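Q: So the sequences go chain by chain: A and B.
Taking the numbering used here, the leading residue of the first sequence gets 35, the next gets one more, and so forth.
Taking the numbering used here, the leading residue of the second sequence gets -6, the next gets one more, and so forth.
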Amino acid sequence: MKFAMYTIVIGAQTLHATGYAMGIAMDGKVGTEDGEAVVAYFGDGASSQGDVNEAFVWASVFHAPVVFFCQNNQYAISEPLERQTRVPLFQRANGFGFPGVRVDGNDVLASYAVTRAALDQARAGQGPTLIEAYTYRMGAHTTSDDPTRYRIASEVEAWQAKDPILRVRRFLERQGLADEGYFDAVDEQARAEAVHLRERVLAMADPAPITMFDNVYPNGSPEIDEEREQFATYLSSFAGEAH
Amino acid sequence: MDTMTIGKALNLGLRRALEDDPKVILMGEDIGKLGGVFRITDGLQKDFGDDRVIDTPLAESGIVGTAVGLCLRGYRPVLEIQFDGFVYPAYDQIVSQVAKMHYRSQGQVRLPIVIRIPYGGGIGAVEHHSESPEAYFAHTAGLKVVTCASPNDAYWMIQQAIAADDPIIFFEPKRRYWEKGPVDPDAEPYPLHAARVARPGTDATVVAYGPMVRTALDAATAATEDGRELEVIDLRSISPLDMPPVYESVRKTGRLVVVHEAPSNVGVGAEIAARVTEHCFYSLEAPVLRVTGFNVPYPAARVEEDFLPDLDRVLDAVDRSFGW
């Protein structure tokens, strides 16, 4: 499995995903036993971006093996879904000429099934799909967000009852597929991984300032080299001082 | 040695690149069946197929964004933006993603994209067809910016740009597309990011690039009649700038005039003036002067000849330099 880098500018990645999918088709890896596909994740807010809509255009006219997975959690920071669309998001795909499907984003098995089916269809040469996973953002957007300014507590509570982790846990218990010991082990594994990750991140050394000049270009640039040298000279003029 | 137009030289260079590397693909509006609105890609789709020379939907951001994805899959896309003024919808993908992914990934991701843009005025067109936006890209780390001024440079520089792993904005002087010159397909190519003395001289240095190189050379021919020998330097690469030949020239002549169609404010000429002032301070007999488009939106076609730097304005600047 390959994982593309973050792009941060909302929706930009959907074009990259579509281009990659076009490359898969050019490589002859569509409709074959070793067929490949791409899945691009984005939110309800992103669906308004021009790039996302252009990605839909490209995916449809080039019949690209890409699955667009929209995590509709009802809010883009404070903007509610009604500020992004007048139609259910999965219907947007119809306008571009490819299938759109809405799935309960809080149902682990349904989300898996729909995604798996869409990816297999893409691999088989049936083109793109838009999946709208209907879910809810339980917490704040970030630690600097204050959701009490734009949504009411009762709405949050209603969605609390649909918590996907709790649901799949209840399902496994009722089906006799897992017991208390299993969930305790999972919790412990998660805790240990989190601790391990935090330790490793906190132990990482700060990069040396001079490294900011690295990797601007694959084979470098004389101007960058000159600037790096000037900065190194400047830094060394502080020799003996903590820096 | 053949004689051909810049347009034909670009066509031939693209053909060579398509022949040399099966991963090279061309994408753009109207570049396939039509062969491009300037016919630069004429005949290429017929010979290389519509999976290598691709007609795209009408959306510049989509052209560049999908090219990023194709690079991640191992392809080397060569894009055409139909006119300079239409690059702006793609500007976000170019500066936020294309320019930064190599740095962001600490060298793990390479985006060998070439974005071809016909630029500059002098063709009597409506708005957005005569822009010179090179400064917006030269100001962005992670991109390289070049521009050809002759058929031989067009033929070689497009191939070199395609072969390079950097993302490169390749500006083509559209008013010069039909001007002819020699092309030597067997010669050792000049380095892509090197400036070149287009005409040696002793009395003043004139630095130009793209469509203004011809203007500068015409000014130099006229200046000879006034008893002045101008040294004309074709910059060729706007980012990175190859300044040592410029410094060497200014240390010899003591005077510098920079010519570009783009407006003076925060333009390439301003950058050159800053660097020359720093590196050649004691050699300068006069401040660096710039002959540029004015700081207004590109005007109506009926007055564009007064907007664009011409032979007279270059000579006027040289005169003013000698007035110091």
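Ideal Cβ positions, reconstructed from N, Cα and C, are used throughout, including at glycine.
Given the structure is predicted, the values throughout are model-derived calculations rather than measurements.
#1: If we require 4 or more residues per run, which alpha helix (DSSP H) segments fall completely within the region 101 to 150 of chain A?
#2: Give me the Cβ distance between A:F278 and A:A167, rounded to the nearest whole Å; I'm assuming they're in contact under 8 Å.
#3: Check each residue of the region 29 to 42 of chain B: if its Cβ is closer than 9 Å to any Cβ of chain A, include it; give the result in chain order.
#4: Is A:D213 helix, strand or coil when you go by DSSP?
#5: When burial is assigned at 16 or more other CB atoms within 10 Å of the CB, is B:K39 buried or exposed?
#6: Give me the DSSP bridge partner(s) of B:L282.
#7: I'd like the span of the beta strand (DSSP E) that includes B:G117, first residue to last.
#8: Which chain B residues sit within Cβ distance under 9 Å of A:M238?
#9: Span of the alpha helix (DSSP H) holding B:S54?
#10: Looking only at C-alpha atoms, which of A:A226, A:M56, A:L49 sits nearest to B:R45?
#11: Does A:T41 come within less than 8 Å of chain B when only Cβ atoms are used?
#12: I'd like to know whether the C-beta of B:V206 is nearer than 8 Å to at least one C-beta of chain A.
#13: Within this structure, are the beta carbons of B:G21 and B:T49 separated by less than 8 Å?
#14: I'd like the ranges of any beta strand (DSSP E) spanning at least 3 consecutive residues and lying wholly in the region 84 to 157 of chain B.
#15: Rounded to whole angstroms, what's the CA-CA distance from B:A180 to B:Y148? Just pull it up for me.
#16: Residue range of the alpha helix (DSSP H) that B:V358 falls in?
#17: Between A:V22 and chain B, is any beta-carbon pair separated by less than 8 Å?
#18: When you compare the CB positions of B:S257 and B:V138, do they come within less than 8 Å of one another, or not?
#19: In terms of residues, what are the limits of the alpha helix (DSSP H) holding B:E224?
#20: What does A:Y168 pair with, by DSSP beta-bridge criteria?
#21: Are B:I106 and B:C141 close, meaning C-beta to C-beta below 8 Å?
#22: Report the three-state DSSP secondary structure of A:T245 (helix, strand or coil).
#23: Exposed or buried, which one is B:A10 when buried takes at least 16 other CB atoms within 10 Å?
#24: Just how far apart, CA to CA, sit B:P178 and A:K36?
#25: Which residues of chain A have a Cβ atom closer than 8 Å to the Cβ of B:V61, listed in chain order?
#26: When you compare each of B:A201, B:K16, B:D43 to B:G25 by their alpha carbons, which one comes out closest?
#27: Please tell me whether A:Y146 has its Cβ less than 8 Å away from any Cβ of chain B.
#28: What residue range is occupied by the uninterrupted alpha helix (DSSP H) comprising B:S232?
#29: Would you list the residues sitting across from B:I18 in a DSSP beta bridge?
#30: Classify A:A242 as buried or exposed, calling it buried when 16 or more other Cβ atoms lie within 10 Å of its own Cβ.
#31: Using the Cβ count rule (16 or more neighbours within 10 Å means buried), how would you classify B:A131?
#32: Give me, in chain order, the residues of the same chain whose beta-carbon lies closer than 7 Å to that of A:L123; leave out the 5 immediate sequence neighbours on both sides.
#33: Measuring only between beta-carbons, confirm whether A:A38 sits less than 8 Å from chain B.
#34: Check the Cβ of B:D159 against every Cβ in chain A and list those closer than 9 Å, keeping chain order.
#35: Using a Cβ-Cβ distance under 8 Å, would B:A216 count as near chain A?
#36: Counting pairs of Cβ atoms below 8 Å between the region 58 to 74 of chain A and the region 123 to 133 of chain A, do you hit three or more?
A: Here's the rundown:
#1: Runs of the alpha helix (DSSP H) inside the region 101 to 150 of chain A: 126 to 130.
#2: Only positions 35 to 277 of chain A appear in the structure, and residue 278 of chain A is not among them; the question remains open.
#3: Look at the region 29 to 42 of chain B: it has no residue with a C-beta under 9 Å from a C-beta of chain A.
#4: A:D213: coil per DSSP, three-state reduction.
#5: Exposed, because fewer than 16 other Cβ atoms sit within 10 Å of the Cβ of B:K39.
#6: Answer is B:V250, bridged to B:L282.
#7: For B:G117, no beta strand (DSSP E) segment is defined, and its DSSP state is neither H nor E.
#8: By Cβ distance, chain B contributes nothing, its closest Cβ being about 14 Å from A:M238, past 9 Å.
#9: It spans 53 to 65 - the alpha helix (DSSP H) in which B:S54 sits, taken as one unbroken run.
#10: Here the closest residue by C-alpha is A:M56.
#11: Using a Cβ-Cβ cut-off of 8 Å, A:T41 counts as an interface residue toward chain B, since at least one Cβ of chain B sits closer than that to its own.
#12: Interface with chain A (8 Å Cβ-Cβ cutoff): B:V206 is excluded.
#13: Contact: yes.
#14: Fully enclosed beta strand (DSSP E) runs of 3 or longer: 107 to 112, 137 to 140.
#15: Take the alpha-carbon of B:A180 and the one of B:Y148: they are about 11 Å apart.
#16: There is simply no residue 358 of chain B to check, as chain B begins at -6 and stops at 317 in what is shown.
#17: One cannot answer for residue 22 of chain A here, as it falls past the ends of chain A, which runs 35 to 277.
#18: With respect to the 8 Å criterion, B:S257 and B:V138 are not classified as neighbours on the basis of their beta carbons.
#19: Segment 223 to 227 is the beta strand (DSSP E) holding B:E224; no alpha helix (DSSP H) there.
#20: Among the bridge pairs identified by DSSP, A:Y168 is matched with A:N106, A:D138.
#21: No, Cβ-Cβ distance for B:I106 and B:C141 is not below 8 Å.
#22: Helix at A:T245.
#23: So B:A10 ends up on the buried side.
#24: Rounded to whole angstroms, B:P178 to A:K36 spans 41 Å at the Cα level.
#25: At a C-beta separation below 8 Å, B:V61 has these neighbours in chain A: L49, H50, G53.
#26: B:D43 is the residue among B:A201, B:K16, B:D43 whose C-alpha sits nearest the C-alpha of B:G25.
#27: Answer no: the Cβ-Cβ gap between A:Y146 and chain B never drops below 8 Å.
#28: According to the DSSP assignment, B:S232 belongs to no alpha helix (DSSP H) but to the beta strand (DSSP E) extending over 230 to 232.
#29: DSSP output for B:I18 lists B:P70 as bridge partner(s).
#30: Flag for A:A242 reads exposed.
#31: B:A131 should be labelled buried.
#32: Excluding residues within five positions, the ones whose Cβ falls inside 7 Å are D78, S81, C104, N106, E166.
#33: With its beta carbon less than 8 Å from one in chain B, A:A38 belongs to the interface.
#34: Here the neighbours are Y251, P252, N253, S255.
#35: No, no contact with chain A.
#36: Flag = no, the region 58 to 74 of chain A and the region 123 to 133 of chain A do not touch.
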